[in-house]
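Asker: Those sequence lines, one after another, are chains A and B.
With the first sequence counted from 1, adding 482 to any position gets you the working numbering.
The numbers in the working numbering rise by one with no breaks, and the one at position 96 of the second sequence is 76.
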Amino acid sequence: MMEEALVQEPPTVTLELEQRFHLFVASHRARALRLAWRLVGGDDAAAEDVIQEAFIKAYRALGQFREEASLATWFYQIVVRQAHNYCRWRTVRETWRALWPGGLPHAAAQASGDPLLRRRIAKALAQLSGSQKEAFVLVHMEGFSVREASALMEKPEGTVKSHLHRALQALRSELADLAEDTGGNAP
Amino acid sequence: MTQPRDEWPQLDHAEEQFVRRLTAHYAPKPLTPARRVALDEALWARLHRQPRQPRLTPAFATVAVALLITCLSWSGLFIPPAHDGGPRISISAMSSTEPWEYELLYARELTDTAERDERAILPDDYLGIARVFLDK
């Protein structure tokens, strides 16, 4: 009887973990994908790659986190870090592409809204520093609080606030027409 | 994740409108059921393709260093440092030495003692011979 219980235990634990992981993926997939998409500059394939990598890490660490909230914080921290690393590598790839005509193809984005305006916003965001972009996307676009963004970016709250202020000023200056437009033509 | 004490930055009306417009225009298409299934399948495929491996980097590093030293030793490029604990026999000191003087020199090098201490380590007959032949 005892032996049977011991034999039965690992699959039960694995099943429980897998069920928990399924629930975790279902509840965070959409937000994580949107966050990654905005951080990597509107590239669908890159955003999917970033969140897959983050989910794989979350799956492996699932047993270490008893609370869903701490796992979620940790998971979004990985998403932000993975996106950051992706952007750094993209800079290298783009430099290479400039040296090697006809090299890597540009990723096609599947997004809503005006494609031209979307490209302008992506370009304006890309001109910000990495931390400014992360702070702006996390707080203003994704609705994380300053405290949460501070935890995800692993930076003090004061620094995050400063990044937010500078990012907003820079974007309003770069996209002045959008700032003045009060027509509200959002899709 | 959100706690009651958390805060959001205060924006004026124009800033708020700007951020709202930006957010609306800069968003991916919502996930369709088909794309969601494809995403999940890709995730599970990756999860099962990458089984958790023990970290073997330190072991690989040790083996690599051992192989490198072995290869260098075989090729003669790497000579391990000589053992420094034992006495050294100076070859240059022996170059002009007659064979019969070897015993005295060897004894001195071995014990690293001064000439005046030879009396303490050599038998009397040796000292007698040394006195005759080496003018000591």
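Where a beta carbon is used, it is the ideal one built from N, C-alpha and C, also for glycine.
None of these values were measured; they are calculated from a predicted model.
Please list, in chain order, all residues of the same chain as A:I560 whose beta carbon is under 8 Å from its beta carbon, the five residues on each side excluded.
Answerer: Taken in chain order, the residues that qualify are E535, A536, K539 and A540.
Asker: With respect to the alpha helix (DSSP H) encompassing B:P(-11), which residues constitute its N-terminal and C-terminal limits?
Answerer: That residue, B:P(-11), is in no alpha helix (DSSP H); it is neither H nor E in DSSP.
Asker: Using the Cβ count rule (16 or more neighbours within 10 Å means buried), how would you classify B:D105?
Answerer: The residue in question, B:D105, is exposed, as its Cβ has fewer than 16 Cβ neighbours within 10 Å.
Asker: Could you tell me the alpha carbon to alpha carbon distance between A:L607 and B:P38, rounded to whole angstroms?
Answerer: When rounded, the distance between both Cα atoms is 41 Å.
Asker: Is it the case that the Cβ atoms of A:A631 and A:G523 are separated by a distance below 7 Å?
Answerer: Contact: no.
Asker: Under 7 Å between the Cβ atoms of A:A554 and A:I533?
Answerer: Result no, Cβ atoms of A:A554 and A:I533 do not sit closer than 7 Å.
Asker: Would you say A:F670 reaches chain B, if we count a Cβ-Cβ gap shorter than 7 Å as a contact?
Answerer: Summary: the structure shown does not reach residue 670 of chain A, with chain A confined to residues 483 through 669, and so no result is reported for it.
Asker: Of all the CB atoms in chain B, is at least one closer than 7 Å to the CB of A:W429?
Answerer: Absent from the model: residue 429 of chain A. The displayed extent of chain A is 483 to 669, so no value can be given.
Asker: Could you tell me whether the Cβ of A:S627 comes closer than 7 Å to any Cβ of chain B?
Answerer: By this cut-off, A:S627 is an interface position.
Asker: If you pair each beta-carbon of the segment -5 to 8 of chain B with each one of the segment 506 to 513 of chain A, do three or more pairs fall below 8 Å?
Answerer: No, the segment -5 to 8 of chain B does not touch the segment 506 to 513 of chain A.
Asker: Using three-state DSSP, classify B:R0 as helix, strand or coil.
Answerer: It is helical.
Asker: Mind checking if A:R678 is an interface residue toward chain B, Cβ cutoff 7 Å exclusive?
Answerer: In the structure as shown, chain A starts at 483 and stops at 669, and residue 678 of chain A therefore has no counterpart that could be examined.
Asker: Alpha carbon to alpha carbon, how far is A:D525 from B:R15? Give it in angstroms, no decimals.
Answerer: The alpha-carbon atoms of B:R15 and A:D525 are separated by roughly 15 Å.
Asker: Taking Cβ to Cβ, would you say A:M623 is nearer than 7 Å to A:R548?
Answerer: Not closer than 7 Å, so no.
Asker: Taking A:G545 as the reference, give the member of A:E498, A:R563 and A:A529 with the closest Cα.
Answerer: Ranking A:E498, A:R563 and A:A529 by Cα distance to A:G545 puts A:E498 first.
Asker: Since A:L553 is in the alpha helix (DSSP H), which residue starts that stretch and which ends it?
Answerer: It spans E550 to L581 - the alpha helix (DSSP H) in which A:L553 sits, taken as one unbroken run.
Asker: Below 7 Å between beta carbons: does that hold for A:G612 and A:H645?
Answerer: Going by C-beta atoms, A:G612 is not nearer than 7 Å to A:H645.
Asker: Short check: CB of A:V574 to CB of A:E616, under 7 Å?
Answerer: No, the Cβ-Cβ distance between A:V574 and A:E616 is not below 7 Å.
Asker: Output the distance between the C-alpha atoms of A:T496 and A:S655, rounded to the nearest integer angstrom.
Answerer: Roughly 52 Å between the two C-alpha positions.
Asker: For B:Q(-10) and A:E530, what's the separation of their Cα atoms in angstroms?
Answerer: If I take the Cα positions, the gap works out to 32 Å.
Asker: Please classify A:A543: does DSSP put it in a helix, a strand, or coil?
Answerer: It is coil, neither helix nor strand.
Asker: Taking Cβ-Cβ distances shorter than 7 Å, what residues in chain A pair up with B:V(-1)?
Answerer: Per Cβ cutoff of 7 Å: H622.
Asker: Taking only beta carbons into account, state which residues of the segment 636 to 652 of chain A come closer than 8 Å to chain B, listed in chain order.
Answerer: Within the segment 636 to 652 of chain A, the residues whose Cβ lies closer than 8 Å to some Cβ of chain B are K643, L646, H647 and L650, listed in chain order.
Asker: Kindly indicate the opening and closing residues of the alpha helix (DSSP H) around B:E112.
Answerer: It should be pointed out that residue 112 of chain B corresponds to Val in this sequence rather than to Glu. That run of the alpha helix (DSSP H) goes D104 to F113.
Asker: Just confirm the distance between the C-beta atoms of A:Q614 and A:R648, as a whole number of angstroms; I'd bet it's less than 8 Å.
Answerer: So it is a contact: roughly 6 Å between Cβ atoms.
Asker: B:R1: buried (16+ other C-beta within 10 angstroms of its C-beta) or exposed?
Answerer: Classification for B:R1: buried.
Asker: Compare the Cα-Cα distances from A:R516 to each of A:V642, A:L620 and A:Q501 and report the closest residue.
Answerer: When only C-alpha atoms are compared, the closest one is A:L620.
Asker: Could you tell me which chain B residues have their CB closer than 7 Å to the CB of A:Q534, listed as they occur along the chain?
Answerer: Chain B residues near A:Q534: A22, L23 and R26.
Asker: Closest by CA to A:A661, which one among B:W(-12), B:F(-2), B:V17 and B:A46?
Answerer: With distances taken between Cα atoms, A:A661 lies closest to B:F(-2).
Asker: Using 10 angstroms around the beta-carbon of B:S53, count the other beta-carbons present and answer buried if the total reaches 16, otherwise exposed.
Answerer: Burial call: exposed.
Asker: Please report the distance separating the alpha-carbon of A:A505 from that of A:L599.
Answerer: At residue 505 of chain A the sequence reads Leu, which differs from the Ala that was named. Spanning the two alpha carbons is a distance of roughly 35 Å.
Asker: What did DSSP end up calling A:V522 once you bin it into helix, strand or coil?
Answerer: Reduced to three states, the DSSP call for A:V522 is coil.
Asker: From B:E(-4) to A:Y558, what does the alpha carbon distance come to, in whole angstroms?
Answerer: Going from the Cα of B:E(-4) to the Cα of A:Y558 covers about 25 Å.
Asker: Taking A:G423 as part of the alpha helix (DSSP H), name the residues at either end of that continuous run.
Answerer: Residue coverage of chain A in this structure runs from 483 to 669, which leaves residue 423 of chain A outside it and unanswerable.
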